[in-house]
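A.B. asks: Residue numbers (my numbering): 3 to 227. Positions of the beta carbon are idealized from the N, C-alpha and C atoms, including for glycine. Keep in mind the model is a prediction, meaning the values are calculated, not measured. Below is the structure I would like to discuss, written out as structure tokens.
Written out as structure tokens, the structure is:
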């Protein structure tokens, strides 16, 4: 009689805080509901751009949180771990581009929207390629890549202010700043006050949640600008 070999625990699994992955697990279900509401409202706006852009955004948000929750909550086989690591890190780039999409589609003129979306989605695909080819790139390489793609938005801030108003601009900027703080936490692995319960990576995940809320609210202002 044979039994299947147990999964090999890696140090990352043995020392995993109890809250690892739970924030994004809860966020996935919240994002699913919020995405349905957002897309339903977007469908009432004139033209296809509001619905399509909000649908892309909602899918990338759910994809990010869902992939992250699966990756961090389970103890994977070695092969499964490598696959999920690539997917988790790649989804960050896709999520950044997905977040840009409604702001570009709703607040920029056609020419600027086309240029900006080409830049951010091209950058996201390049980032995904890097993560697939070099999955174990050091954090000091990964974090600046995320930040660089995220702050391309600086180029369109004046037009967002003009078309979307002060509130949308403030929410977008605050969300971007919180994402940046999270990227620093990710790169430095700090703070880490409760490593067995709520470690440095949980602070990174918490930043993504707060920033995503800011941007989600900002999209409503963009819809009704």
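1. Consult DSSP for residue 196 and reduce its assignment to one of helix, strand or coil.
2. Identify which residue in 28, 126, 61 has its Cα closest to the Cα of residue 38.
3. Can you find the residues in the same chain that come closer than 7 Å, C-beta to C-beta, to residue 205, ignoring five residues on each side of it along the sequence?
4. Using only the alpha-carbon positions, how far apart do residue 64 and residue 41 sit?
5. Output needed for residue 89: all residues of its chain with C-beta closer than 8 Å, excluding positions within five of it in sequence on either side, in chain order.
6. Return the Cβ separation of residue 92 and residue 134 in integer angstroms, given the expectation that the two are a contact with Cβ distance under 8 Å.
7. Less than 8 Å between the C-beta atoms of residue 215 and residue 151, yes or no?
8. Using the C-alpha atoms, what's the distance from residue 111 back to residue 198?
9. Given that a residue counts as buried once 16 or more other Cβ atoms are within 10 Å of its Cβ, and exposed if not, what is residue 23?
10. Look at the alpha carbon of residue 55 and the alpha carbon of residue 104, and state the distance between them as a whole number of angstroms.
11. How about residue 140 and residue 87: do their beta carbons lie closer than 8 Å?
12. Under three-state DSSP, which class holds residue 47?
C.D. replies: Result, derived from the coordinates:
1. strand
2. 61
3. 187, 193
4. 13 Å
5. 69, 73
6. 7 Å
7. no
8. 49 Å
9. buried
10. 5 Å
11. no
12. coil
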